[in-house]
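Protein chains: 2
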Amino acid sequence: MELFKQFKVFQKQQKAYGMVLSIASWDSNTEAPKKCFPHRAEMLSIISGEHFSLMTSKDYQEVVNALIERIDEFDTLKKKEIITAKKALDKIVKIPKEEYVEYSKLINISQRIWEDAKEQDDYDIFKPYLKRIIEAKKQHIAYRTDQNDKYNVLLDDFEEGMSMELYDQFFGAIKEELVPFVKTVLEKRKDTDDGFITDTYDKATQKDFVEYLMEVFDYDYDRGLLKESVHPFTWNTHSQDVRFTVRYLENFVFSSIFAAIHELGHALYEQNIDPALDMTNLNGGASMGVHESQSRFYENMIGRSKAFWEAHYPKLQAMFKTQLRDVSLDDFYRGINKVDETFIRVEADELTYPLHILIRYEIERMIFDEGVDLEELPSIWNAKMKQYLNIEPTKDSDGLLQDVHWSAGMFGYFPTYALGSAYAAQIYYTLIKEIDFERLVRENNIEEINQWLKEKIHCFGSTKKPLEILEMVTGEAFNPSYYIQYLKEKYSKLY
Amino acid sequence: MELFKQFKVFQKQQKAYGMVLSIASWDSNTEAPKKCFPHRAEMLSIISGEHFSLMTSKDYQEVVNALIERIDEFDTLKKKEIITAKKALDKIVKIPKEEYVEYSKLINISQRIWEDAKEQDDYDIFKPYLKRIIEAKKQHIAYRTDQNDKYNVLLDDFEEGMSMELYDQFFGAIKEELVPFVKTVLEKRKDTDDGFITDTYDKATQKDFVEYLMEVFDYDYDRGLLKESVHPFTWNTHSQDVRFTVRYLENFVFSSIFAAIHELGHALYEQNIDPALDMTNLNGGASMGVHESQSRFYENMIGRSKAFWEAHYPKLQAMFKTQLRDVSLDDFYRGINKVDETFIRVEADELTYPLHILIRYEIERMIFDEGVDLEELPSIWNAKMKQYLNIEPTKDSDGLLQDVHWSAGMFGYFPTYALGSAYAAQIYYTLIKEIDFERLVRENNIEEINQWLKEKIHCFGSTKKPLEILEMVTGEAFNPSYYIQYLKEKYSKLY
């Protein structure tokens, strides 16, 4: 139909702008020289402004709204494209362009300010920016709804269908079950000989091992690229171009390896999306939560399993003879699954990780739903750390200044990290009923697991909602008890 | 003035599009995965189309034309910005947008076709595309002028002020003086023990040496980046972001090293341009010829001089002990300046290089000014090789299929390669009168030479015309006899 054709022309145009902005951002985050940024920021704000104008133009709005009125005339896929477009439109259409551009600039500056604040361990530097970002976010929400549940809007933006009510249940279970379980585990801790974890591993060999892992997991280099950057991340424009980055740390080799497998999980998801969706607005993963479920699945369920290292530990041992010669597979497996109280989320083990997210969720909820004096944030943060993990940071750079997210305006994002891990556990219990997971991993046949995940989850891109996919795969609604069960089973055996 | 402000807004907008397209092209030419290209081409053609629309919009035309009418009201710099804009506008304004987009696509496809043709050594694959490109170029020229001297338009596009008349004089001198001189040199050739040239040098150490050279030449990494790619090239958006690539060949180490110094010359030029010009349309080098004069100056006058290797040969020798232990500095110097008949331009030595360009100039002149049957090109090419270099290629991939330029529509570009070398020689004879060049090079004080070139040439960006700069620096008009003199002096000593 003519109208839908027009819609596709608009969509392609917007996509083209998105793509060049995305390539510029890849460049900025991996290799652009530091002095290029002032000019670059000025230039990119012009292109972003044009992008915004296209995404909110009267002509485009008319087409989308006309299609929505006739939505029943379209097949499922087109319907979904139209609805997704309408949702994206509603999200931004009421924001005045100047405010949008102003906010983009604020976000850009704030991230640099946050870096300084973190480096100088000085929350006061960041606080005024945090305040402005929160005010802007609240204003953006006010443009979209006159309801009072502002935080729900943000939660739904990152994970369609999720709300404070559902997250309260989820984090309630974590608080009730995991907080005491973590305490028990930590009490059982013994002094073990795991010095190999912090030993020195040369970067070049780490790189070789990660490249070996890419083969193990069947990553497609013809449609991707593995590169180094300060913070690991995955990047994609469509299924034919999905890249990710790794950071090699000489004295933290397992951080390098597991971050690599984590990003690889994100990347495999994107590479496995049906290429027919490439040029539509449905070509990315279903949600942050589903994405995280895949990265966590690869990182934890596969990467931190004993079966996996039965297959690959000899290789690693051969590559790092001095460091691992005297470390048995059992000791190695215990080492890479060591539970510990840590200040830093990204360094946390699989078991304590959700408690780090719990803290962030509760604070974001306070900011957007309950009201809180920003002055108090450091002490609130520290008290929660004490309550859940029994340690207290002595500096804010180990506390509420540790993550980039808030400086980038990403409120509502953190909860999806824990949610994704919980999705992963629920998916895991289905998967092990259907295929002989442990044997496949042990026999280095990841291919078959990839295939299962591709058919059940990846291929759909964002043609389905997150909770819909979960129910399709597992046959039931989201149920956090699988996550609790998984962690308790695994760590009861270990401790 | 209001009108000029409007002009700057338009200019910045165009620049922003130019920048994102440029970043995408950097990505495409260095690391983008091969399967991304079909979607990418489609998306980029949308952005290119928008860019073209902006560059030729009625509003913009009006502003530029109004400024031209009042040109005397502006200071020198603004005057130059306006004139440069007007010239750029006239170049494309009469091309219909569809034709422009069509031509861009043709160029994109043709380059891939050319690659195939070269690989399969089959001119017939490429011929129909070459024909279409030539027709399109002629049509573009017809939009701009009703004069008959089509090739002059192309020559002037790449090197303002140059024409067939001037190039005929230049290449006439080369034919008259250099062709016989090369013959004499080649006759004097003896069998020397220069096997070290084609020895195997491991890539990692080559890379270390090139990184060492970056320090020697004082390349600024805060405003740049050194990377690998299949074909070395320099890339820049403004003086704060100037990158270049190197290709390391295990059995052709001197190609890697001198290509690196060559690109470095281009890069230093761009980094040294007055940053006040960054956001204007005058922020690039003055012309292709002046650019090439700088890359050739660094590559040949510095890089292939004996003084340079007096300073750095011990370092290279220490890095490649096995290969160079028994090679004296004298033998090394002779080796890197070895004269030989070769089919391939990019592998040619400094002395025979201009003869390769002469052939291309004469053929382009035939195509655009005299008329020639494309069927005949291979035999014409081969006959000229025989005439000037006394060798005849047995396959077209060693002949007229060797260069990418024609498949990219770049006719009129080749002559600037020889012209740049001639500029370099003329500049060289001025420079050695003003500073103690040889001593500075020998004492590893390139900094002072950089400074001289920066003040005399680089800093001006394209605020001055090429022949104007040459006259400013050397005190006289372009004079090819310096080039002949330089080559005869150098190679008479060597042979």
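If you read the protein sequences in the order shown, they are chains A and B.
Residues in the first sequence are numbered consecutively from 1, following this note's numbering.
Residues in the second sequence are numbered consecutively from 1, following this note's numbering.
Glycine is no exception: its CB is placed at the ideal position from the N, C-alpha and C atoms.
Does any CB atom of chain B fall closer than 9 Å to the CB of residue i?
i                     : result
residue 237 (chain A) : yes
residue 269 (chain A) : no
residue 243 (chain A) : yes
residue 330 (chain A) : no
residue 315 (chain A) : no
residue 5 (chain A)   : no
Mind checking if residue i is an interface residue toward chain A, Cβ cutoff 9 Å exclusive?
i                     : result
residue 97 (chain B)  : no
residue 273 (chain B) : no
residue 203 (chain B) : no
residue 8 (chain B)   : no
residue 183 (chain B) : no
residue 227 (chain B) : yes
Is any non-hydrogen atom of the ligand GDP found closer than 8 Å to the C-beta of residue i, if you look at the structure I gave you?
i                    : result
residue 36 (chain B) : Within the structure as shown, the ligand GDP is missing, as the structure has no ligands at all.
Using a cut-off of 9 Å between C-beta atoms, extract the partners of residue i located in chain A.
i                     : result
residue 223 (chain B) : 33, 34, 35 and 36
For residue i, which of the options has the nearest alpha-carbon?
i                     : options                       : result
residue 384 (chain A) : A:411, A:355 and A:370        : A:355
residue 241 (chain B) : A:478, A:38 and A:392         : A:38
residue 123 (chain B) : B:377, B:393 and B:9          : B:377
residue 255 (chain A) : A:344, A:138 and A:173        : A:344
residue 245 (chain B) : B:198, B:230, B:453 and B:177 : B:230
residue 367 (chain B) : B:334, B:406 and B:117        : B:406
residue 166 (chain B) : B:176, B:152 and B:177        : B:152
residue 403 (chain A) : A:36, A:44, A:119 and A:57    : A:119
residue 19 (chain B)  : B:418, B:237, B:317 and B:414 : B:237
residue 410 (chain B) : B:434, B:137, B:27 and B:213  : B:137
residue 285 (chain A) : A:420, A:103 and A:3          : A:420
residue 7 (chain B)   : B:132, B:36, B:59 and B:27    : B:59
residue 373 (chain A) : A:203, A:128 and A:436        : A:128
residue 179 (chain B) : B:253, B:488 and B:495        : B:488
residue 482 (chain A) : A:427, A:451, A:464 and A:338 : A:427
residue 494 (chain A) : A:454, A:274, A:187 and A:149 : A:187
residue 100 (chain B) : B:234, B:48, B:200 and B:117  : B:48
residue 463 (chain A) : A:282, A:371 and A:357        : A:282
residue 364 (chain A) : A:327, A:322, A:396 and A:412 : A:412
residue 375 (chain B) : B:105, B:320, B:28 and B:130  : B:130
residue 29 (chain B)  : B:490, B:235 and B:269        : B:235
Listing by chain order, which chain B residues have their CB less than 7 Å from the CB of residue i?
i                    : result
residue 24 (chain A) : 20 and 23
Does the beta-carbon of residue i have 16 or more other beta-carbons within 10 angstroms, so that it is buried, or is it exposed?
i                     : result
residue 81 (chain B)  : buried
residue 71 (chain A)  : exposed
residue 361 (chain A) : buried
residue 169 (chain B) : exposed
residue 379 (chain A) : exposed
residue 248 (chain B) : buried
residue 69 (chain B)  : exposed
residue 43 (chain B)  : buried
residue 288 (chain B) : buried
residue 50 (chain B)  : buried
residue 172 (chain B) : exposed
residue 65 (chain A)  : exposed
Could you list which residues in chain B have their beta carbon closer than 8 Å to that of residue i, in chain order?
i                     : result
residue 240 (chain A) : 33, 35, 36, 38 and 39
Using a cut-off of 9 Å between C-beta atoms, extract the partners of residue i located in chain B.
i                     : result
residue 214 (chain A) : Within chain B, no residue comes near residue 214 (chain A); the closest Cβ sits about 13 Å away, beyond 9 Å.
residue 85 (chain A)  : Simply none; closest approach about 18 Å.
residue 11 (chain A)  : The premise fails here: residue 11 (chain A) is roughly 11 Å from chain B at the closest Cβ pair, so nothing lies under 9 Å.
Cβ closer than 8 Å: which chain A residues qualify as neighbours of residue i?
i                     : result
residue 279 (chain B) : 39 and 42
residue 208 (chain B) : Here the premise fails: no neighbours, minimum Cβ distance about 14 Å.
residue 27 (chain B)  : 23, 26 and 27
In chain A, which residues lie less than 7 Å from residue i when you measure between Cβ atoms?
i                    : result
residue 16 (chain B) : 43, 46 and 47
May I ask you to list, following chain order, the residues of the segment 35-54 of chain B that have a beta carbon less than 7 Å from some beta carbon of chain A?
Listed by position along the chain: 35, 36, 39, 43, 46 and 47.
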